Amino acid sequence: MSTVDVTIIGGGPVGLFGAFYAGLRGMSVRIIDSLPDLGGQLTALYPEKYVYDMPGFPEVLAKDLAASLVQQAGRFGPDIVLGRVAETLERRGDEMVVITGDGQEWPTRTVVISAGAGAFSPTKIGVDREDHFEHKGLTYGVRDKAMFKGKKCVVVGGGDSAFDWALALHPDAASMMLVHRNDRFRAHDETVKQLEQTDCEFALFTVVKELHGEDHITGVTLEDTQTKECRHVECDAVIVNIGFKSSLGPLKDWGLTIEKNQIVVDHLFQTNLPGVFSVGDVCTFDGKLKLIATGVGEAATAVCVAKTLIDPSAKLFPGHSSDMGLGS
Ligand SMILES: Cc1cc2nc3c(=O)[nH]c(=O)nc-3n(C[C@H](O)[C@H](O)[C@H](O)COP(=O)(O)OP(=O)(O)OC[C@H]3O[C@@H](n4cnc5c(N)ncnc54)[C@H](O)[C@@H]3O)c2cc1C
C-alpha cells in the first residue's frame, strides 16, 4: 500500500468533507470506514429524514446530503476502503501505519479521526447459526439489488430501511414478506402506504426464531410474540434491518486522551498523539457542538494544520476555492 498524506478514519459527513479539503490542499487521502457505504449516520441512521440546518440547503434529505458529500469528496480521487475497522495505530519512524481488522496495513503521514460514535456494526437478530448464514442468504441491508431477483424474500424490521428495501426489492422478488416485532412502524407514512398497496405479506407481532438450511437459507421459523405460535416459511433471502450498534472499541487502545467516550483535542483539533487529529462527533473541547455544520469546519482546519506538518513551507490558510480554477 502507498503511503498517503492523511488517513481519515470514518467516512461520515465530517470525514468526507475532510477528504475533500485535504484534496483541495493537494494531499493524498485515504478514507477507511467499517460500513459498506459512505455517509456515516446520514446513511446508516436516518437516510429518509430531512435536515434543515445545512448552509445553503433550506432542506435536504439525509441520503441526498450524503450523496453530495461523497461526490464532493471524490473530486480529488481519494483511496476509499470500506467494510474494514481501523483497529491499531503504530508509529514507524516518521510514518504511521493504520492496521485494519483483517491485518491489512495502511501507511500514512497523518491521521484524522472522524469516527462519530465509533464503528457501526449491524444489530443481529440473535438466533442460532446467524453467523453461519451471513452472505448465504442472510444479509444486513442490501448491497446489490440484483442478488434478490426471483428470490423469496423475508425482510426483518419496521423502520425506514426495512420498508425502503421491501419496496425496492418487491417488483423483482418472487415473494416479499415483512416481519416486525410489533405493529408500530418507524418508517415514513408514505413508504408504509406504498408497501401496503403491494402484495407484500406483513407478519406483525412476529420474530424470527430459527433459520433453516445447510449451505444456504431455505426457510425460517417465525414466532407470534403474543400467542407464541410458530410457523415455517420457505424463503431464499432474509434481509435484516433492525439498526446499528456503535463502539469506539479499538480506538480506546491507541493512547489517545479520552473523556466520556470522546477524544480530547486542542484548538487546532490535534490530539495528544503527534500527527493525529480528531474532528466531528467523536472529539471534544470546550464549546463542542455535535453538528454537521460545525464538524465540517473542524475537518477543514484539521487538514490544513496537517498540511503544514507534512510541508512546513505550506501556509495554514488554504486560499479561496473560488480562485483555484476548479471549474468542472
Ligand atoms: C436521527 C438523527 C438526526 C440528526 N439530525 C441532524 C441534523 O438535522 N443536523 C445536524 O447537524 N446533525 C444531525 N444529526 C447529527 C449528525 O448526524 C452527526 O453530528 C454527524 O453524523 C457526525 O458526523 P461524523 O462524520 O463526525 O460521524 P458519523 O456520521 O457518526 O460517521 C462516523 C463514521 O466513522 C466510522 N467509524 C468509526 N470508527 C471506525 C473505525 N475504528 N474504523 C472504521 N470506521 C470507523 C463509522 O462506521 C461511521 O461511518 C442527527 C443525528 C441523528 C442520529
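Residue numbers (numbering that gives the first Met the number 0): 0 to 327. In this text, a Cβ means the ideal position worked out from N, Cα and C, and glycines have one as well. Bear in mind the structure is a predicted one, so any value in this text is a computation, not a measurement.
Throw me the rounded Cβ distance for the Leu363 and Ala165 pair, which I believe falls under 8 Å.
Nothing about residue 363 can be read from this structure; the chain reaches only from 0 to 327.
Under DSSP, the beta strand (DSSP E) around Gln192 begins and ends at which residues?
For clarity, residue 192 is Lys in the given sequence; the question names Gln instead. DSSP places Lys192 outside any beta strand (DSSP E); the residue lies instead in the alpha helix (DSSP H), whose first and last residues are 188 to 195.
Counting C-beta neighbours from all protein chains within 10 Å, is the total for Pro57 16 or more, i.e. buried, or is it exposed?
Flag for Pro57 reads exposed.
With a CB to CB cut of under 6 Å and the five nearest residues on each side skipped, what residues in its chain are close to Ala21?
Val5, Val28, Val302
Please give me, in chain order, every unbroken run of the alpha helix (DSSP H) with length at least 4 that falls completely inside the segment 86 to 131.
none
Which value, in whole angstroms, describes the spacing of the CA atoms of Tyr51 and Val59?
7 Å
Is Ala301 near ligand 1 - that is, is its Cβ less than 8 Å away from at least one heavy atom of it?
Flag unset: Cβ of Ala301 not near ligand 1.
Is Gln40 close to ligand 1? I mean its beta-carbon at under 8 Å from any heavy atom of the ligand.
yes
Nearer than 8 Å: is that true of the beta carbon of Ala118 relative to any heavy atom of ligand 1?
Taken from the Cβ of Ala118, at least one heavy atom of ligand 1 lies inside 8 Å.
Hey, how far is the Cα of Lys244 from the Cα of Gly117?
9 Å
In angstroms, rounded to a whole number, what distance separates the CA positions of Arg74 and Gly10?
Looking at the two C-alpha atoms, the distance is approximately 15 Å.
Look up Gly286 in the DSSP assignment and say whether it is helix, strand or coil.
coil
State buried or exposed for Glu233, treating a residue as buried only when at least 16 other CB atoms are found within 10 Å of its CB.
exposed
Classify Leu288: buried if its beta carbon has 16 or more other beta carbons within 10 angstroms, exposed otherwise.
exposed
From this set, Met146, Val237, Gly100, His266, which residue's C-alpha is nearest Gly331's C-alpha?
No answer is possible for residue 331: the residues shown for the chain start at 0 and end at 327.
I'd like to know if the segment 137 to 145 and the segment 298 to 314 are in contact, where contact means that at least 3 CB-CB pairs between them fall below 8 Å.
no
Quick one: give me the first and last residue of the beta strand (DSSP E) that Cys199 is part of.
No beta strand (DSSP E) contains Cys199, which DSSP labels as neither H nor E.
Could you check if Tyr139 is buried or exposed, using at least 16 other CB atoms within 10 Å of its CB as the buried criterion?
buried
Residue range of the beta strand (DSSP E) that Cys407 falls in?
Because residue 407 is not part of the residues shown, which for the chain are 0 to 327, the question remains open.
Sorry if obvious, but does the Cβ on Arg185 come closer than 8 Å to a heavy atom of ligand 1?
no
Please name the residue in Val281, Met0, Glu47 whose C-alpha comes closest to that of His187.
Glu47
Does DSSP classify Gln269 as helix, strand or coil?
strand
If you measure between the beta carbons of Asp235 and His215, is that distance less than 9 Å?
yes
In chain order, what residues of the same chain have a beta carbon less than 6 Å from the beta carbon of Val80, not counting five sequence neighbours either side?
Ile31
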